[in-house]
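**Student:** Going by my numbering, the letters in the sequence shown line up with residues 24 to 366, in that order.
My structure is below; once you've seen it, I'll send some questions.
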Amino acid sequence: MMIQLRADGVGARLLLTLAVILACIGALLLLSPEGGRPSTVGGGWLELRNETVVMDEMVVLRNRLERRVVDYVYLVVPMNTSFQKCYIVSMEPREYQLRRDEDGNVFAVFRIEAEPGERVTIRAVYRIEKAEYRVLWDRVNARWPPLEVAVELTGPTAMWDTYNETLRAIAEEHGAGATPLDVVVGLAQWIKEHLEYRVLGVRLGSDHAVVESGGRLKVRGDCVEVCDVFVTLARIRGIPARAAFGFLLTSRSERMWLNFTAREEGEELLSHWGGHMWPQVLIEPVGWVDVELLEGGSIKVGDYSWRHVLLGVEETRYYGTALSNFCIPGSLTLEYVEVSFSG
Numbered sequence: 024m025m026i027q028l029r030a031d032g033v034g035a036r037l038l039l040t041l042a043v044i045l046a047c048i049g050a051l052l053l054l055s056p057e058g059g060r061p062s063t064v065g066g067g068w069l070e071l072r073n074e075t076v077v078m079d080e081m082v083v084l085r086n087r088l089e090r091r092v093v094d095y096v097y098l099v100v101p102m103n104t105s106f107q108k109c110y111i112v113s114m115e116p117r118e119y120q121l122r123r124d125e126d127g128n129v130f131a132v133f134r135i136e137a138e139p140g141e142r143v144t145i146r147a148v149y150r151i152e153k154a155e156y157r158v159l160w161d162r163v164n165a166r167w168p169p170l171e172v173a174v175e176l177t178g179p180t181a182m183w184d185t186y187n188e189t190l191r192a193i194a195e196e197h198g199a200g201a202t203p204l205d206v207v208v209g210l211a212q213w214i215k216e217h218l219e220y221r222v223l224g225v226r227l228g229s230d231h232a233v234v235e236s237g238g239r240l241k242v243r244g245d246c247v248e249v250c251d252v253f254v255t256l257a258r259i260r261g262i263p264a265r266a267a268f269g270f271l272l273t274s275r276s277e278r279m280w281l282n283f284t285a286r287e288e289g290e291e292l293l294s295h296w297g298g299h300m301w302p303q304v305l306i307e308p309v310g311w312v313d314v315e316l317l318e319g320g321s322i323k324v325g326d327y328s329w330r331h332v333l334l335g336v337e338e339t340r341y342y343g344t345a346l347s348n349f350c351i352p353g354s355l356t357l358e359y360v361e362v363s364f365s366g
């Protein structure tokens with residue numbers, strides 16, 4: 024359960040140098056011609072089912088300083104992919120800039136002025152056309168990516184320590200396989216069998232997510248730790264892997280919220296927040312494939328359900344993306360976030 028929205032604004036400084044205005048051309052959604060019925064495309068190895076969801080987001084910030092503040096607030100906008108296209112219906116305030124980082128994540132930048140003690144609300148409404156998909160692996164000749172791609176997307180980061188000896192031993196023992204799909208399934212199975220699920224609310228990174236307890240190794244944490252450990256193990260085995268972040272819905276009409284003025288612990292948050300992080304791996308000829316270990320009881324590779332709403336990805340940034348915090352203020356304090364979905 025990703026709950027890493029930060030009530031302070033220090034992360035904004037990491038993004039102030041980004042100045043690439045988002046081009047309004049995104050990857051086209053692969054649309055089924057039958058309005059919601061699954062269709063098989065991609066040479067007969069990909070099943071798609073389309074749907075549209077409206078996402079209504081509200082964030083409340085407050086100036087807790089004893090002076091007037093002029094601040095820049097970064098709000099993540101759901102990104103366009105082969106299976107998702109986002110349209111901005113409305114934004115309040117109406118004046119903003121769209122930008123993106125080197126991983127292709129999109130964010131709206133607002134210039135906010137606030138007097139001491141003043142609360143400011145940002146509201147965004149999106150229409151998201153997305154497709155749930157299922158790769159029919161028995162019809163695919165799964166191949167390893169080109170060497171230059173593997174070299175670029177299998178290196179270490181602060182969150183994914185590919186030089187950790189314990190993780191390398193796990194990857195070597197449980198990530199054997201003739202195809203990248205075999206490796207992915209083997210690594211996911213090990214994590215699934217050794218998971219001690221615990222909502223942490225803080226990101227540990229792969230180094231600290233695998234612990235020894237009761238004489239055996241365990242992956243301790245929530246979806247963030249599961250994702251970080253998997254991405255690290257996959258990268259050790261030479262498979263390009265990255266983290267996707269967004270939401271995991273329980274119903275097509277749902278309201279989620281976080282109140283930063285009230286302290287909650289662990290499982291309490293699960294009742295009203297569905298922030299989520301999950302891995303993606305690059306397998307030829309399919310491309311980036313979603314891997315889900317926490318939806319239901321089975322491991323899902325290339326079986327992407329309607330429950331997912333993608334905001335962005337973390338791929339190349341060494342210290343991770345601050346955008347996974349959804350909203351990043353500078354001097355203002357984030358007090359409340361509410362996100363509603365309707366089909």
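Cβ coordinates follow ideal geometry from the N, Cα and C atoms, glycine included.
Using CA coordinates, which residue listed in G335, W296, G244 and R72 is at the minimum distance from R221?
**Tutor:** Considering only alpha carbons, the answer is G244.
**Student:** So, at 7 Å on beta carbons, what are the nonlocal neighbours of D230 in its own chain, with the 5 sequence-adjacent residues on each side left out?
**Tutor:** Answer for D230: D184 and N187, listed in chain order.
**Student:** Quick one: measure Cβ to Cβ for L69 and P168, integer angstroms, because I've assumed they're closer than 8 Å.
**Tutor:** Incorrect: roughly 18 Å between the Cβ atoms, too far for contact.
**Student:** Determine the direct distance from the alpha carbon of E152 to that of E74, and round the result to whole angstroms.
**Tutor:** E74 and E152: Cα-Cα distance of roughly 6 Å.
**Student:** Could you tell me whether the Cβ atoms of V247 and R226 are closer together than 8 Å?
**Tutor:** Yes, Cβ-Cβ distance for V247 and R226 is below 8 Å.
**Student:** Counting C-beta neighbours from all protein chains within 10 Å, is the total for Q120 16 or more, i.e. buried, or is it exposed?
**Tutor:** Exposed, because fewer than 16 other Cβ atoms sit within 10 Å of the Cβ of Q120.
**Student:** In chain order, what residues of the same chain have a beta carbon less than 6 Å from the beta carbon of E307, not counting five sequence neighbours either side?
**Tutor:** Contacts found: R166 and P168.
**Student:** Tell me whether S354 is buried or exposed, calling it buried when 16 or more other Cβ atoms sit within 10 Å of its Cβ.
**Tutor:** By the 10 Å Cβ count, S354 comes out buried.
**Student:** Quick one, which of V252, R72 and R117 has its alpha-carbon nearest R134's?
**Tutor:** Closest by alpha carbon: R117.
**Student:** Taking the beta carbon of T180 as the centre, do at least 16 other beta carbons fall within 10 Å, making it buried, or is it exposed?
**Tutor:** It is buried - the Cβ of T180 has at least 16 other Cβ atoms within 10 Å.
**Student:** If distances are taken between C-alpha atoms only, which option among E136, I145 and S105 comes closest to V82?
**Tutor:** Answer by Cα proximity: I145.
**Student:** Please return the same chain residues whose Cβ sits closer than 7 Å to the Cβ of A232, not counting the five positions on each side in sequence.
**Tutor:** Contacts found: V242, R243, G244, E248, D251 and V252.
**Student:** One question on the structure: do L84 and T356 come within less than 8 Å of each other, judged by their Cβ atoms?
**Tutor:** Yes. Within cutoff.
**Student:** Give a yes or no on contact between the stretch 88 to 107 and the stretch 293 to 302, applying the rule of three or more CB pairs nearer than 8 Å.
**Tutor:** The answer is no - the stretch 293 to 302 does not touch the stretch 88 to 107, with fewer than three Cβ pairs under 8 Å.
**Student:** Need the endpoints of the alpha helix (DSSP H) that V222 sits in, please.
**Tutor:** No alpha helix (DSSP H) holds V222; DSSP gives it neither H nor E.
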